[in-house]
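Counting in my numbering, the sequence shown runs from 636 upward without gaps.
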Amino acid sequence: MRLRRHKACGYHYWDFQVKTTIYLLLAFTVASLSVFYLGTAGMVAVIFFIITGFALVGASAFTAYYSKLLGEKGGQLATIILRNLLGIPLWFTGFVLAWLEPSPFLFDSNITFKLIGLFLIILGSIPFIWGHIELGWRTHMPSVKDTLVRHGLYAYVRHPIYAGGFLLLAGLALLRPTYSFVIACVLGEVWLMIQARLEEIDLLQRMPDYREYMKQVPRFIPRFRKSLLVSGIWLLLVLFYSSTTTYALSQEEEANIKVYEEISPRVVNIINTTVSYDFFFNPIPQSGAGSGSLIDKKGHILTNYHVVEGAQRLEVTLFDGSKWEAKFVGADPGNDLAVIRIDAPPDKLKPLPFGDSSGLKVGQKLLAIGNPFGLERTLTVGIVSSLGRTMRAANGRLMRRIIQTDAAINPGNSGGPLLDSNGKMIGVNSAIISPVGASVGIGFAVPVNTVRSVVSQLIEKGRVARPWLGITGQDINADIARLLKLPSEGVLIAEIVNGSPADKAGIRGGKRIVRTGNLQVVIGGDMIVGISGKTIRTMDELVEDIESMAVGQSIDVTIMRGSQRKTVKVYLSEMPPEQ
């Protein structure tokens, strides 16, 4: 920007003011249009907040003009509003957004760069903080009557403030050298040059003899054109280094590394030794492998039931390679969960934090850590492929709300944790669908909220206390009901367990078997069509409703006995372990 000479102060103040105002308004307009057409996300929002904030702070430098229109106090008030209440909060918001923006790194900010950055921040903070303390409010609204201004001392303080700001921005850029934050820092340094010049010319306009004082002051901020040249060289050096650095890590890679380093010591390898017999009934030891997660400092480990089922001996390997014999604590075969325990020192035990599986979304990033094929502490990454899947456990019970993921889960991953991007467990890897016995991108995990509901009972009782009716039932759809001349859809009771809640309530089981096509149906018993006012159509619905209730709770069971509809009160009891 070319400025005409002025008799009194060396520059035509109004020419500079008008041109600067036009440029600032143009920058503000461009930022506003960018936000309007592109949205307020990402870099657009960063640039909008920073440029708008700088434009307002720059406009606050015209104190002489505002004082001429509004008086000296009014001019100072206008400066405070533009700078302190509007400008600074806006550009500070822009810098925060730039710091948080997940843009690629220009180069690897290793420990050397971080130490240099911290050194520059400390070095810049000293004159920056000292200058503001020395000036107080005068740095925002210097008065012509101020001694610091009239004798040139204000320049001695103002220049170190801007020099400190330069060092602060350079140090911050080295601490987090992402595209967004480096651009924010470069914009900040350019603004420091403009702002320094604006304030200098404003003082010269209000007090022309201030120029003589300025000649005696060391210039911490070089002339405008030289400053642009220095800033450009600095930016080119950063870009050149970033283009020659191929080992920089992305933000996502850094997050994965952080999760793995933090969580992998909390995942264990489990060896299950069982005994089988050959043709001549000779015992043959066999081993299987799985994974588990440390859940407390007492040595309790969460895993799948099928990992420890039938074990004669359990051996756990910790992250440091130490091996410990484990004891079986409890199991919930219906959810394919089990807890075992090792007697290891507490300093070797690092519990894995539980997350919350209720808020999961399809497409959310997931990480799995386990021991596939005996390869200890392997990390795989994927997403939530689907939610609310239903699987049948080995004991025939339906497991609901199962998480489906495409993170690679292979034999040996079973029992290991499925993690969110913060490293919290949101599931226990349980099963895969694969025609070849290895991962094809369809894996399943028991949600951690299901784990929460049963793990304390497994540790305290060794089993889960579930209510039950004590019946064996068959689903009856409309076609079978019509064929057998049964009244409606529901669950036809085939058998009643002696002494069970259903038996005590007088509910009856079937008496004879009939065949319809390839299906055998036990008839002659009652048919359950509702529980506590809710219609029941299938055995799975019946089991789900019963298990949502508490042991000892009374329920109203609606049955059809022949053509007669009856309601029977049943008091639920705890399901025996053998069931």
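Glycine included, every Cβ here is placed at the ideal spot set by N, Cα and C. All values reported here derive from a predicted model rather than from experimental measurement.
Classification of residue i by the beta-carbon crowding that lies within 10 angstroms, buried from 16 upward
i	result
Phe727	exposed
Asn904	buried
Arg1150	exposed
Ile1044	buried
Glu888	exposed
Gln830	buried
Arg901	buried
Val997	exposed
Gln1155	exposed
Gln886	exposed
Val731	exposed
Ala713	buried
Ala1100	exposed
Asn1133	exposed
Gly759	buried
Ser1167	exposed
Ser993	exposed
Extent of the continuous beta strand (DSSP E) to which residue i belongs
i	result
Glu889	Where Glu889 is concerned, there is no enclosing beta strand (DSSP E), although the alpha helix (DSSP H) it sits in stretches over Gln886 to Ile898.
Met1174	No beta strand (DSSP E) contains Met1174, which is instead part of the alpha helix (DSSP H) from Met1174 to Glu1182.
Asn1064	Met1060 to Ile1067
Ile1128	Gly1125 to Ile1131
Val1016	Thr1013 to Arg1027
Val1205	Gln1199 to Tyr1206
Asp1224	Absent from the structure is residue 1224, since the part of the chain shown begins at 636 and ends at 1214.
Val1157	Leu1154 to Ile1158
Ala1003	Lys1000 to Gly1005
Pro1052	Pro1052 to Leu1054
Leu972	Leu972 to Ile977
Ile1163	Met1162 to Ile1166
Leu949	Arg948 to Thr952
Any C-beta of chain B under 8 Å from that of residue i
i	result
Ala1003	The structure shown has no chain B; it contains just one protein chain.
Close-in-space but distant-in-sequence residues of the same chain around residue i (CB under 6 Å, 5 per side omitted)
i	result
Glu1130	Thr1107 and Gly1144
Lys962	Arg976
Ala733	Val681, Ser815, Phe816 and Ala819
Ala808	Val817 and Cys820
Asp930	In the sequence as presented, Asp is not what sits at residue 930; that position holds Ile. Excluding positions up to five away in sequence, the list reads Leu937 and Pro986.
Asp1161	Ile1128, Ile1142, Arg1143, Ile1194 and Arg1196
Val1205	Pro1136, Ala1140, Ile1190 and Val1192
Trp826	Phe689
Residue of the options minimising C-alpha distance to residue i
i	options	result
Leu1207	Val1186, Pro968 and Gly1197	Val1186
Ile1061	Ile1067, Leu803 and Val1019	Val1019
Thr1025	Ser1183, Asn907, Asn970 and Leu929	Asn970
Ile1128	Arg1101, Gln1155, Arg1098 and Gly1159	Gly1159
Ser1049	Ser1021, Arg1027, Arg1087 and Ala1003	Ala1003
Ala973	Ser702, Lys1000, Leu953 and Ser926	Ser926
Val1157	Gln947, Thr1173, Ser1135 and Val1126	Val1126
Met1210	Glu897, Leu1054 and Leu1104	Leu1104
Gly823	Ala805, Ser1056 and Leu750	Ala805
Asp1041	Ile1181, Ala1066 and Leu750	Ala1066
Leu725	Thr1173, Leu691 and Glu707	Leu691
Asn891	Glu1182, Ser1056, Pro988 and Leu758	Ser1056
Asn1064	Tyr940, Ile761 and Leu735	Tyr940
Gly898	Glu736, Leu1014, Gly759 and Ala1028	Residue 898 is actually Ile in this sequence, not Gly. Checked all of Glu736, Leu1014, Gly759 and Ala1028; the closest Cα to Ile898 is Leu1014.
Pro1102	Leu1177, Arg1172 and Ala924	Leu1177
Glu896	Gly994, Lys1201, Arg1012 and Glu834	Arg1012
Contact set for residue i: own chain, Cβ-Cβ below 7 Å, skip 5 residues either direction
i	result
Ala666	Unreliable positioning characterises Ala666 in this predicted model, as indicated by a pLDDT of 48, which lies under 50. A coordinate reading is not provided.
Val1203	Ala1140, Gly1141, Ile1142, Val1192 and Ile1194
Phe763	Ile796, Gly799, Gly800 and Leu803
Val600	Here the chain comprises residues numbered 636 to 1214, so residue 600 is not present and cannot be evaluated.
Boundaries of the alpha helix (DSSP H) in which residue i is found, first to last residue
i	result
Leu735	Ile723 to Leu735
Arg1117	Ala1113 to Leu1118
Val1086	Val1083 to Lys1096
Asp1191	Taken as a continuous stretch (DSSP letters only), Asp1191 belongs to no alpha helix (DSSP H), being part of the beta strand (DSSP E) at Ser1189 to Arg1196.
Lys1139	Pro1136 to Lys1139
Val1186	Element bounds for Val1186: n/a, residue is neither H nor E.
Val942	Tyr940 to Val943
Beta-carbon contacts of residue i that lie in its chain and below 8 Å, excluding the five residues immediately before and after
i	result
Thr1170	Val1164
Lys749	Leu809 and Leu810
Ile756	Leu802, Leu803, Gly806, Leu807 and Leu810
Ile746	none
Lys932	Pro981, Leu984 and Pro986
Touching by the beta-carbon criterion (3+ pairs, under 8 Å), the stretch 976-989 and the stretch 1008-1018: No contact exists between the stretch 976-989 and the stretch 1008-1018.
The stretch 1074-1085 in contact with the stretch 953-960 per 3-pair CB rule at 8 Å: Not touching, per the Cβ criterion.
Touching by the beta-carbon criterion (3+ pairs, under 8 Å), the stretch 689-698 and the stretch 709-722: The stretch 689-698 vs the stretch 709-722: in contact.
Three or more C-beta pairs below 8 Å linking the stretch 1091-1098 and the stretch 1107-1126: Taking 8 Å as the limit for Cβ pairs, the verdict is that the stretch 1107-1126 does not touch the stretch 1091-1098.
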